[in-house]
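In UniProt numbering, the protein residues as written are 1 to 337. Note that CB positions come from ideal geometry on N, CA and C, so glycine has one too. So the structure is just underneath, and the comments pick up after that.
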């Protein structure tokens, strides 16, 4: 759908762009780059872990847990929690093959580094998304799951802001709000936003003590950069990898209890619906005053400061972005000789 308008846009641009940076999921941009003889760089925001797990072939069950080999932290997964491409079929496999071909024929790759530590030579540009933008939350949890979230928040007895995007889709939820008098019950300590909300602006407020997130990388990064501990609710894709990073490596999160990966159209059958009492306990753990909770908040604040230093001039992300621009400039100069 977007190929023709993007092609036209590039054609009409004066001067013509010297480089095209494209998300991994937009393989048609390779054709555009070839048409105008400009280098294309693929931006891949997913964990590179998915390309380096031969151990998956030895697992006997999708329920079997394994520890990531040769990894400095003890991080465990089940096979479905690792977003690999091997099980793709039909139209999905065809699309995945297009992605692989587009990535392999590109000039280079940009990877989001999920650390501010020194890495092996390469182009790592994360963290970068610290601006006031709300990342796309493409996973619709469904009416029943949202009811579960609402009841969990109510039972927690904690003040909260609950943002429900795409409110007009949830007729059953709206009816439940009216019939159960939910909004009246929580009005003294809960703010319900039906639609879009400035996520980073809210997370950056000092009154916010935690963030319930699906663990998409944008939202995960925004929570970490804001210095806020996370309550994780992963659904699919790389979200379980990001959850492991948050909880088992960075130690700034608490799990809502989701263990099974969502299948499209079956989100209310497997694992997405978490017992409201379990989520209530997770909220209490996240927001409590135990030594572990205090240490989690301290680490979250520290990581937020690290993230902001990384994008300041001289920081790791700022420096790597500068190196990238220099590399592209050198490539352009060579092509003119």
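For residue 44, there is no enclosing alpha helix (DSSP H); the enclosing beta strand (DSSP E) has its first and last residue at 40-44. When DSSP reads this structure, residue 163 sits in a beta bridge with 193. Secondary structure of residue 76 (DSSP, three-state): strand. Excluding five sequence positions before and after residue 191, the CB atoms of its chain that fall closer than 6 angstroms to its own CB belong to 161, given in chain order. DSSP, reduced to helix, strand and coil, places residue 67 within a strand of the structure shown. Classified as exposed, residue 92 has fewer than 16 neighbouring CB atoms from the shown chains inside 10 Å of its CB. Per DSSP, residue 254 is not a residue of any alpha helix (DSSP H); the beta strand (DSSP E) it occupies stretches across 253-255. As a beta-bridge residue in DSSP terms, residue 23 pairs with 43. Ranked by Cα distance from residue 5, the first of 32, 14, 217, 21 is 32. Comparing alpha carbon positions, the residue from 241, 230, 336, 324 closest to residue 256 is 230. Our two residues, residue 152 and residue 99, have alpha carbons roughly 39 angstroms apart in a direct line.
Counting only residues of its own chain and dropping the five nearest sequence neighbours on each side, residue 62 has a CB closer than 7 angstroms to the CB of 78, 79, 80. The C-alpha of residue 300 lies about 40 angstroms from the C-alpha of residue 331.
For residue 211, the beta-bridge partners assigned by DSSP are 230. When DSSP states are grouped into helix, strand and coil, residue 304 belongs to the helix group. When beta bridges are read from the DSSP output, residue 153 appears opposite no residue.
Under the three-state reduction of DSSP, residue 216 is assigned to coil, being neither helix nor strand.
Contact annotation: the stretch 207-223 does not touch the stretch 171-189, with fewer than three C-beta pairs closer than 8 angstroms. Going by C-alpha positions, residue 22 is about 31 angstroms away from residue 167.
The residues 148, 151, 152, 155, in chain order, have a CB closer than 7 angstroms to that of residue 276 in the same chain once the five nearest residues on each side in sequence are set aside.
Note that the stretch 214-228 touches the stretch 243-261; at least 3 beta-carbon pairs, one per stretch, sit closer than 8 angstroms. Closest by C-alpha distance to residue 64, out of 76, 186, 304, 70, is 76. Relative to the Cα of residue 146, the nearest Cα in the group 34, 158, 163 belongs to 163. If you draw a 10 Å sphere on the C-beta of residue 296, you find 16 or more other C-beta atoms in it, and that means buried.
Going by DSSP, residue 286 is part of the alpha helix (DSSP H) stretching over 276-287.
Only buried fits residue 40, as 16 or more other CB atoms lie within 10 angstroms of its CB. Looking at the DSSP output, residue 297 sits in no beta bridge, so it has no partner there. In terms of Cα proximity to residue 143, the closest of 174, 159, 304 is 174.
For residue 109, the pairing in a beta bridge is given by DSSP as 42.
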